[in-house]
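Structure record follows, encoded as structure tokens.
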Amino acid sequence: MASLSFTAFSLSSKPSSCSVRMSKRSPRQLQSAAAGTAAPSPSGGSGGAKYKGTHMRETKLAEMIEKKVIEAKEICGEDETSDECKVAWDEVEEVSQAKADLRLKLQKKQDPLEFFCQDHPETDECAIPDEEEEED
53 MASLSFTAFS
63 LSSKPSSCSV
73 RMSKRSPRQL
83 QSAAAGTAAP
93 SPSGGSGGAK
103 YKGTHMRETK
113 LAEMIEKKVI
123 EAKEICGEDE
133 TSDECKVAWD
143 EVEEVSQAKA
153 DLRLKLQKKQ
163 DPLEFFCQDH
173 PETDECAIPD
183 EEEEED
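Below, the structure is given as structure tokens:
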């Protein structure tokens with residue numbers, strides 16, 4: 053059974069109406085975009101990440117992108133026009149967008165865990181990696 057995945061949605065002020073935006077990109081365009089997003093940056097991919105949890109999230113998203121691309125290639129096989137193929141590439145696009153959003157926040161030096169870590173500095177996610185750890 054196929055699962056459905058949506059890239060974005062918005063609700064209007066009327067409870068009975070909603071709109072859904074589906075990706076218009078071809079599977080090949082999504083594959084190219086995902087391949088570029090999955091690559092780590094020259095600085096090690098951490099950008100402005102301050103906390104260990106953010107570093108872990110970057111790594112996990114990159115791994116998810118690679119996994120989703122492989123899955124999409126397998127699902128699409130010879131038929132790139134099937135609904136299952138479109139759904140698989142939509143999933144690649146969603147994870148790629150999540151990584152891009154994180155990268156933009158980090159470029160602006162806005163670690164997403166900042167507010168959480170102010171209240172919970174003792175958690176493992178809020179550990180601040182040493183300089184040596186970041187270079188490894």
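Quick note: the sequence shown uses this note's numbering, first residue 53, plus one each step.
Beta carbons are placed, not taken as given, at the ideal position from N, Cα and C, and that holds for glycine.
Helix, strand or coil at residue i [DSSP, three-state]
i: T133; result: coil
i: K102; result: coil
i: T175; result: coil
i: L156; result: helix
i: K161; result: coil
i: I180; result: coil
i: T89; result: Unreliable positioning characterises T89 in this predicted model, as indicated by a pLDDT of 44, which lies under 50. A coordinate reading is not provided.
Classification of residue i by the beta-carbon crowding that lies within 10 angstroms, buried from 16 upward
i: T133; result: exposed
i: K138; result: buried
i: H107; result: buried
CB-CB length for residue i against residue j, believed under 8 angstroms
i: L154; j: E110; result: 6 angstroms
i: V179; j: K151; result: First, the amino acid is wrong: residue 179 is Ala here, not Val. At roughly 22 angstroms, the Cβ-Cβ gap does not stay under 8 angstroms, so A179 and K151 are not in contact.
i: I117; j: S148; result: 6 angstroms
Legend entry - Touching by the beta-carbon criterion (3+ pairs, under 8 angstroms), the segment 98-114 and the segment 157-167: yes
Legend entry - Touching by the beta-carbon criterion (3+ pairs, under 8 angstroms), the segment 123-132 and the segment 140-158: yes
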